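The next block holds one structure in the form of structure tokens; read it before the comments.
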Amino acid sequence: MKEQSHKMKVAIDEHRSHLEKLKKFYEDLDREGVTIETMPQPQREQYQLEAINLTLQHVWDNNEFYRLSLQSAGFEEPVLDRLEQLSSVPLLNKSVIRGDKTKLLCVEPKQIGQVHLTSGTSGKPIYTSYTLADQYVYDLLPKYKELFPETSEDVAAIALPYEFALPGLGFQRLFQFAFGAAVLSLGKGGYMAPVDKSLELMKEFGATILVTTPSYAALLAEESESFGIKLGSDIRLRRIVLTGEGCSYTFRKRLEAWWGCEVSFFYGSTECGVVAVECKEHTGYHVAEGHVKLEIVDPSSGAVLGYGRTGEIVVTTLLREGMPMVRYRSGDIGYLQQSRCKCGTTMDILQLRGRMENMMRLGGEEYSPFLVEQFLLEVPDVGLWYHFIVEAEKLTIEVEAFRTKLSDRELADQVRKHMHDRMGLDCEVIVLPKLPRTFGKATRVIMK
Ligand SMILES: [Zn+2]
Numbered sequence: 059m060k061e062q063s064h065k066m067k068v069a070i071d072e073h074r075s076h077l078e079k080l081k082k083f084y085e086d087l088d089r090e091g092v093t094i095e096t097m098p099q100p101q102r103e104q105y106q107l108e109a110i111n112l113t114l115q116h117v118w119d120n121n122e123f124y125r126l127s128l129q130s131a132g133f134e135e136p137v138l139d140r141l142e143q144l145s146s147v148p149l150l151n152k153s154v155i156r157g158d159k160t161k162l163l164c165v166e167p168k169q170i171g172q173v174h175l176t177s178g179t180s181g182k183p184i185y186t187s188y189t190l191a192d193q194y195v196y197d198l199l200p201k202y203k204e205l206f207p208e209t210s211e212d213v214a215a216i217a218l219p220y221e222f223a224l225p226g227l228g229f230q231r232l233f234q235f236a237f238g239a240a241v242l243s244l245g246k247g248g249y250m251a252p253v254d255k256s257l258e259l260m261k262e263f264g265a266t267i268l269v270t271t272p273s274y275a276a277l278l279a280e281e282s283e284s285f286g287i288k289l290g291s292d293i294r295l296r297r298i299v300l301t302g303e304g305c306s307y308t309f310r311k312r313l314e315a316w317w318g319c320e321v322s323f324f325y326g327s328t329e330c331g332v333v334a335v336e337c338k339e340h341t342g343y344h345v346a347e348g349h350v351k352l353e354i355v356d357p358s359s360g361a362v363l364g365y366g367r368t369g370e371i372v373v374t375t376l377l378r379e380g381m382p383m384v385r386y387r388s389g390d391i392g393y394l395q396q397s398r399c400k401c402g403t404t405m406d407i408l409q410l411r412g413r414m415e416n417m418m419r420l421g422g423e424e425y426s427p428f429l430v431e432q433f434l435l436e437v438p439d440v441g442l443w444y445h446f447i448v449e450a451e452k453l454t455i456e457v458e459a460f461r462t463k464l465s466d467r468e469l470a471d472q473v474r475k476h477m478h479d480r481m482g483l484d485c486e487v488i489v490l491p492k493l494p495r496t497f498g499k500a501t502r503v504i505m506k
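Residue numbers (my numbering): 59 to 506.
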């Protein structure tokens, strides 16, 4: 029989890479009927150390940039004896790989199955290349039954970008191949599935899960009212998974009330894939420790910070062949906690504080936009669309009224007073009839 292409071999499981040993690790777990989530931490750390050593050897053998960078840090061979030694591996900055398609590539170009791009909103895009084995074999090895209770009974509506970004396609594969669910590839308001049609399809096919961004979940909810589709009866979701933008607990609570279902947070990126996921307890994100090793570093010195200390999130991917990310500075802020979670998952908990560039400096203090949003949305008369405008360390909030009897003046006064009482924050409040909606990433913070 004529061989069609090297890529077909992946499908018949003949593909071999540096990750074979880890494949065996997961096969053994599957056989025992357990997942990596509930494993005692020392055992999982042993796995992570092994995965990191395999990755370091792979990048050393196949990528000049990584090898030179390890050598410049004094490595004579790419081996760590202990997990803590990861801190001696150089950090990887976005600026080094922005706009560069091959710098981190560790396979022959013909082995690439898919290229993903970041949106490039803050500069040139970052290109991430995946082999087919990355997409269909390795990325699906770790299972997280606590974090994802979905099954083949579910119908997952995926309202995330499909063009070049990872999220749409990544969730599509996860739901189809890991859970056996049917998938509705809605995208975000594109030509084939505008908002009305997306809602109609969710209704017709009985969607049980919606994966989308916080702002698009809000947009779909408000548009459902103008199209006469009733959330909770015409569309009966079991769960919404939010990703892409991050939001506060009060924003979540509003969506839960509107859609009539549980809403969970998912944190990942186009460069690194899944990083951390909320469990049903909703007290933070469990780190997906099968896929990534997370560190928190001081953004200025690069020193690793311990549990409870806030800093920049640094990601090392554990199951990548095409383009592994080693100590990648995500530009996101957060801190780690040891898990004492009721869900039984022993994987560390990440508290996410948002993008570094969106941290707001007000009156000499740094504020996470999620925190300020948390308090703003406690006022039920305020809608889910708003802007935080920061100028000379002063905050102006633009809001929309939401199902209120208050006049604009009364609402502005109420918000001003509420923010002062709850946060000690003095701000200007402007009530506008309608703030712009977006199908892309919502811009909430505007620095002037
Ligand atoms: Zn938990």
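All residues carry an ideal CB built from backbone N, CA and C; glycine is no exception. Remember, predicted model here, so these are calculated numbers, not experimental data.
If we call anything under 8 Å between Cβ atoms a contact, is residue i one with residue j?
i, j, result
"Tyr325", "Ile354", "no"
"Ala217", "Gly248", "no"
"His349", "Leu377", "yes"
"Glu347", "Gln106", "yes"
"Phe229", "Val195", "no"
"Met477", "Leu483", "yes"
"Tyr220", "Ser243", "yes"
"Leu300", "Ala276", "no"
"Met260", "Ile298", "no"
"Phe206", "Phe237", "yes"
Can you list, in chain order, the residues of its chain with a C-beta nearer than 7 Å to that of residue i? Leave out the 5 residues immediately preceding and following it.
i, result
"Arg387", "Leu149, Leu150, Asn151, Lys152, Glu370, Val372"
"Gln432", "Ser306, Tyr307, Thr308"
"Arg156", "Gly181, Lys182, Ile184"
"Lys508", "The displayed coordinates of the chain run from 59 to 506. Any statement about residue 508 would go beyond what the structure contains."
"Arg508", "One cannot answer for residue 508 here, as it falls past the ends of the chain, which runs 59 to 506."
"Arg310", "Val321"
Closer than 6 Å by C-beta to residue i: which residues in its own chain qualify, once you throw out the five before and the five after it? Chain order, please.
i, result
"Val503", "Asn416, Pro427, Phe446"
"Leu224", "His174, Thr328"
"Arg385", "Val147, Leu149, Leu150, Val372, Thr374"
"Tyr124", "Val117"
"Phe235", "Leu198"
"Val362", "Ser145, Glu353, Val355"
"Ser127", "Pro148"
"Tyr84", "Leu199"
"Ala240", "Val213"
"Asp466", "Val489"
How many whole angstroms separate the CB atoms of residue i and residue j, which I take to be in contact at a CB cut-off of 8 Å?
i, j, result
"Met405", "Glu211", "Actually they do not touch by this definition, with Cβ atoms about 26 Å apart."
"Ala265", "Val213", "5 Å"
"Leu453", "Leu420", "5 Å"
"Glu379", "Asp192", "5 Å"
"Asn121", "Leu162", "6 Å"
"Glu449", "Leu493", "Contact doesn't hold; Cβ gap of about 18 Å is too wide."
"Ile267", "Ala215", "7 Å"
"Gly15", "Gln395", "Because the chain here runs from 59 to 506, residue 15 falls outside it and cannot be looked at."
"Arg525", "Val487", "What is shown of the chain runs 59 to 506, which leaves residue 525 out entirely."
"Leu87", "Asn111", "About 19 Å separates the two Cβ atoms, so there is no contact after all."
"Leu434", "Tyr444", "6 Å"
CB-CB under 8 Å to residue i, same chain, minus the five flanking residues each way: which ones, in chain order?
i, result
"Lys499", "Ser177, Thr179, Thr271, Ser273, Gly302, Glu303"
"Ser359", "none"
"Met414", "Pro357, Glu370, Gly389, Asp390, Ile391"
"Gly402", "Glu95, Thr96, Glu204"
"Ala279", "Leu289, Leu313, Trp316, Trp317"
"Glu281", "Val253, Asp254, Leu257"
"Glu451", "Arg419, Leu420, Gly421, Gly422"
Please classify residue i as buried or exposed, where buried requires at least 16 neighbouring CB atoms within 10 angstroms.
i, result
"Pro438", "exposed"
"Tyr365", "exposed"
"His344", "buried"
"Glu208", "buried"
"Thr160", "exposed"
"Lys351", "buried"
"Gly331", "buried"
"Arg398", "exposed"
"Arg461", "exposed"
"Val154", "exposed"
"Gln169", "buried"
"Gly132", "exposed"
"Met381", "buried"
"Pro136", "buried"
"Gly91", "exposed"
"Met418", "buried"
"Ser187", "buried"
"Met383", "buried"
"Gly422", "exposed"
Open item on the list: Pairs of beta-carbons, one from the segment 70-83 and one from the segment 110-117, closer than 8 Å: are there three or more?
Closed with: Judged by Cβ distances under 8 Å, the segment 70-83 makes contact with the segment 110-117, as three or more pairs qualify.
- [ ] Spell out a yes or no on whether the segment 285-297 and the segment 314-324 are touching, meaning 3 or more CB-CB pairs, one atom from each, closer than 8 Å.
- [x] Yes, the segment 285-297 is in contact with the segment 314-324.
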